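Input: a single structure, listed below in C-alpha cells.
Numbering (my numbering), first residue to last: 2 to 94.
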C-alpha cells in the first residue's frame with residue numbers, strides 16, 4: 002500500500018500477528034520508493050534496547066500503547082512540516 006499511495010508518514014505496529022514490525026520496517030527502508038517515508042512504530046511491548054535500535058535504524062519515533070493522541074499529533078505535525086525534528090531521545094514516548 003505504501004508503494005502506491007506514497008503517504009506522508011507510516012504508522013506501523015511492532016507486534017503484528019504474522020510478521021514482526023521490525024521486519025516490515027527493514028523492508029521499507031530497503032526499498033528506494035518508500036525508504037524516505039518517516040515511520041512511527043507503535044508497540045505495547047518493546048524494551049529500551051529494541052527501541053534504541055529502531056531509532057538508530059531510522060524510525061522517526063517509537064510510541065508505546067496506549068498512545069497519547071496529543072503526542073501522535075505533534076509527531077505528525079513535525080513530519081508534515083511543522084516544528085523542526087527533535088532528537089531521537091525526545092521522540093520516545
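Beta carbons are placed, not taken as given, at the ideal position from N, Cα and C, and that holds for glycine.
Treat the numbers as computed from the prediction; the structure is a model and nothing was measured.
| Query | Result |
| --- | --- |
| Per-residue DSSP class, three states only, for residue 38 | coil |
| Proximity to residue 47 [Cα-Cα], best of 40, 38, 82, 21 | 21 |
| Beta-carbon contacts of residue 18 that lie in its chain and below 8 Å, excluding the five residues immediately before and after | none |
| Under the three-state DSSP convention, the category residue 53 falls into | helix |
| Residues that DSSP places opposite residue 7 in a beta bridge | Its beta-bridge partners do not exist; DSSP assigns none. |
| Extent of the continuous beta strand (DSSP E) run through residue 63 | 62 to 65 |
| For residue 14: DSSP bridge partner residues | 43 |
| Helix, strand or coil at residue 29 [DSSP, three-state] | helix |
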